[in-house]
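**Student:** One structure, pasted below without further comment.
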Amino acid sequence: MEKGVQRWIVDISKWNPSSNDFSFALSLLPQTHHSSITRFLPLLQLFFNYVQFVKMEDRKRALVSLLLQYTLVHEVLGIPYPDIVINRTLEGKPFLECARFCFEFPNFNFNVSHHGDYVAIASEPLCLVGLDIVNFMIPEKETVPEYIQNFSSYFSSSEWDRIISVGNNEEVLAEFYRYWCLKEAYVKAIGSGLAYGLHKVEFHHTNWTSISVKVDGVTNQQWRFWLFNLDKGHSVSIARGHPRLAIESYKRSLKRTKFNEEEHNVGLHLPNPRFVLRTVEELISVIHKAKRSC
Numbered sequence: 546m547e548k549g550v551q552r553w554i555v556d557i558s559k560w561n562p563s564s565n566d567f568s569f570a571l572s573l574l575p576q577t578h579h580s581s582i583t584r585f586l587p588l589l590q591l592f593f594n595y596v597q598f599v600k601m602e603d604r605k606r607a608l609v610s611l612l613l614q615y616t617l618v619h620e621v622l623g624i625p626y627p628d629i630v631i632n633r634t635l636e637g638k639p640f641l642e643c644a645r646f647c648f649e650f651p652n653f654n655f656n657v658s659h660h661g662d663y664v665a666i667a668s669e670p671l672c673l674v675g676l677d678i679v680n681f682m683i684p685e686k687e688t689v690p691e692y693i694q695n696f697s698s699y700f701s702s703s704e705w706d707r708i709i710s711v712g713n714n715e716e717v718l719a720e721f722y723r724y725w726c727l728k729e730a731y732v733k734a735i736g737s738g739l740a741y742g743l744h745k746v747e748f749h750h751t752n753w754t755s756i757s758v759k760v761d762g763v764t765n766q767q768w769r770f771w772l773f774n775l776d777k778g779h780s781v782s783i784a785r786g787h788p789r790l791a792i793e794s795y796k797r798s799l800k801r802t803k804f805n806e807e808e809h810n811v812g813l814h815l816p817n818p819r820f821v822l823r824t825v826e827e828l829i830s831v832i833h834k835a836k837r838s839c
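Numbers given in my numbering equal positions in the sequence shown, counted from 1, plus 545.
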């Protein structure tokens, strides 16, 4: 089942497409996804270059996220490109419409994340997977204490004490984002949105290893978590958990949610590989070739 455990990441700062290049990459994706990408570009000419830059970066992230999803499904599962159908739950989690396909993995699912310079995807063959990337940044004209105070209600008192006592402002911000990253990975794994009570999810760790979670004050042993630094300004986290813990709307997209303890332990303790760096050019090439071969 190890082939079903994939970790890919793209540095979008390395890709600066012309309008024609962007349009070509967009044309490779099913028409149903186009509006979710092009909505980031306003119809009228923007007056502020910074805003225009932000909108273009958002469009790049949305496009690359979908390129990653389709490439991963095609390469890992071997599904012909025209037959791949990727939808989203009402809460926004992407899933593969797989009812008419039989493949070797009992519960293949994936999750994507993008923030700052990076877009990433992670997949699992049996367990739920949640993925989140954070960029250690704050809005202009706000101090670190002012910024993180806006989110204090999402943390337990134990977590908050660790965050504010870790050191200087730079260290406090990094610690804040590490906890936030894990919380997001958890809620994304179960298929929930941020409406889920993040304050109910409390993380414990030893120097950011041996990470465990308490939900409503009870330690849940059916999860594993990893946290990595991508560079000085970005971290990424991965959550892996039992399929029965998914919310109902996401359960309906899964092939199976019931596994015995032995089966679940196999999935839970599969190796967690390093992220493989992919380029946008590679993804475009794979999909272009897959479309031409059909």
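Built from N, CA and C at the ideal position, the CB exists for glycine as well.
1) Determine, using beta carbons only, whether V679 and C643 come nearer to each other than 8 Å.
2) Here's the rule I'm using: 16 or more other beta-carbon atoms within 10 Å means buried, otherwise exposed. How should Q766 be labelled?
3) Are the CB atoms of L676 and K733 nearer to each other than 8 Å?
4) Does the beta-carbon of F650 have 16 or more other beta-carbons within 10 angstroms, so that it is buried, or is it exposed?
5) Per DSSP, V732 is paired with what?
6) Can you tell which of I693, P670, T754 has the C-alpha that lies nearest to the C-alpha of P788?
7) Do you know how far the Cα of A784 is from the Cα of H749?
8) Note down, in chain order, each residue of its chain lying with its Cβ closer than 8 Å to the Cβ of A665, except the 5 sequence neighbours on either side.
9) Assuming T832 and Y626 form a contact by the criterion Cβ under 8 Å, report the distance between their Cβ atoms to the nearest whole angstrom.
10) Enumerate, from N- to C-terminal direction, the unbroken beta strand (DSSP E) stretches of 3 or more residues contained entirely within the stretch 677-757.
11) Quick one: measure Cβ to Cβ for I735 and I693, integer angstroms, because I've assumed they're closer than 8 Å.
12) Just to confirm before moving on: does the CB-CB distance between E747 and S697 stay below 8 Å?
13) Taking the alpha-carbon of K796 as reference, which of S737, R707, E685 has the nearest alpha-carbon?
14) Please report how far the alpha carbon of N713 lies from the alpha carbon of Y731, in whole angstroms.
15) Identify the continuous alpha helix (DSSP H) that holds F500 and give its terminal residues.
16) For N652, which residues from the same chain have a beta carbon less than 7 Å from its beta carbon, with the 5 sequence-adjacent residues on both sides left out?
17) Using the C-alpha atoms, what's the distance from L673 back to P816?
18) Cβ of I582 within 8 Å of Cβ of L571?
19) In terms of residues, what are the limits of the alpha helix (DSSP H) holding I829?
20) Looking only at its chain, what residues have a beta carbon closer than 7 Å to the beta carbon of T634, apart from the 5 residues adjacent to it on each side?
21) Using three-state DSSP, classify D761 as helix, strand or coil.
22) Quick one: is P818 buried, meaning 16 or more other Cβ sit within 10 Å of its Cβ, or exposed?
23) Helix, strand or coil: which one does DSSP assign to E602?
24) Please specify which runs of the beta strand (DSSP E), each continuous and at least 3 residues long, are wholly inside the stretch 599-639, giving them in chain order.
25) Which class does G549 belong to by DSSP, given the choice of helix, strand or coil?
**Tutor:** Looking at the coordinates:
1) Translated into the one-based positions of the sequence shown, residue 679 becomes position 134. Translated into the one-based positions of the sequence shown, residue 643 becomes position 98. Cβ atoms of V679 and C643: not closer than 8 Å.
2) For the purposes of this step, residue 766 is identified with residue 221 of the sequence shown, where counting begins at 1. So Q766 ends up on the exposed side.
3) Walking along the sequence shown from the start, residue 676 turns up at place 131. Walking along the sequence shown from the start, residue 733 turns up at place 188. Cβ distance < 8 Å, so L676 and K733 count as in contact.
4) Here residue 650 refers to the residue found at position 105 when the sequence shown is read from its first residue. Looking at its Cβ environment, which holds 16 or more other Cβ atoms inside 10 Å, F650 is buried.
5) Within the sequence shown, residue 732 is the residue found at index 187, counting from 1. DSSP, once it has assigned bridges, lists no residue as partnering V732.
6) Walking along the sequence shown from the start, residue 788 turns up at place 243. Minimum Cα distance to P788 is reached at P670.
7) Counted from its first residue, the sequence shown places residue 749 at position 204. Counted from its first residue, the sequence shown places residue 784 at position 239. Taking the straight line joining both Cα atoms gives about 14 Å.
8) Counted from its first residue, the sequence shown places residue 665 at position 120. Contacts found: R552, W553, I554, V555, L613, V657, S658, H659, L676, I678, V781, F820.
9) Counting from one through the sequence shown, the residue named residue 832 turns up at place 287. Counting from one through the sequence shown, the residue named residue 626 turns up at place 81. The sequence given here places Ile at residue 832; Thr does not occur at that position. I832 to Y626, Cβ: 7 Å. Contact.
10) 746-751
11) To locate residue 735, count along the sequence shown from 1; it is residue 190. To locate residue 693, count along the sequence shown from 1; it is residue 148. With 8 Å as the limit, I735 and I693 do not qualify as a contact, their Cβ atoms being about 25 Å apart.
12) Mapped onto the sequence shown, residue 747 falls at position 202. Mapped onto the sequence shown, residue 697 falls at position 152. Contact flag unset, no.
13) The residue labelled residue 796 in the question sits at position 251 within the sequence shown. For the residues S737, R707, E685, the minimum Cα distance to K796 belongs to S737.
14) Translated into positions along the sequence shown, residue 713 becomes position 168. Translated into positions along the sequence shown, residue 731 becomes position 186. Near 28 Å, if we compare the C-alpha coordinates of Y731 and N713.
15) No answer is possible for residue 500: the residues shown for the chain start at 546 and end at 839.
16) Here residue 652 is taken as the residue at index 107 of the sequence shown, counted from 1. Non-local beta-carbon contacts of N652 in its own chain, meaning distances under 7 Å to residues more than five positions away in sequence, involve P670, L671, P788, L799, K800, R801 in chain order.
17) Position 271 of the sequence shown holds residue 816. Position 128 of the sequence shown holds residue 673. If you take the alpha carbons of P816 and L673, they lie about 15 Å apart.
18) Position 37 of the sequence shown, counted from the start, is the residue given in the question as residue 582. Position 26 of the sequence shown, counted from the start, is the residue given in the question as residue 571. A contact, by the Cβ cut-off of 8 Å.
19) One-based indexing of the sequence shown puts residue 829 at position 284. I829 -> alpha helix (DSSP H) spans 825-837.
20) Position 89 of the sequence shown, counted from the first residue, corresponds to residue 634. Hits under 7 Å: F640, G736, S794, Y795, S798.
21) Taking the first residue of the sequence shown as position 1, residue 761 is located at position 216. If DSSP states are grouped into helix, strand and coil, D761 belongs with coil.
22) If you number the sequence shown from 1, residue 818 lands on position 273. Looking at its Cβ environment, which holds fewer than 16 other Cβ atoms inside 10 Å, P818 is exposed.
23) Translated into positions along the sequence shown, residue 602 becomes position 57. Three-state DSSP puts E602 in a helix.
24) Within the stretch 599-639, complete beta strand (DSSP E) segments of at least 3 residues are found at 631-633, given in chain order.
25) Here the question's residue 549 lines up with position 4 in the sequence shown. The answer is helix: DSSP assigns G549 an H, G or I state.
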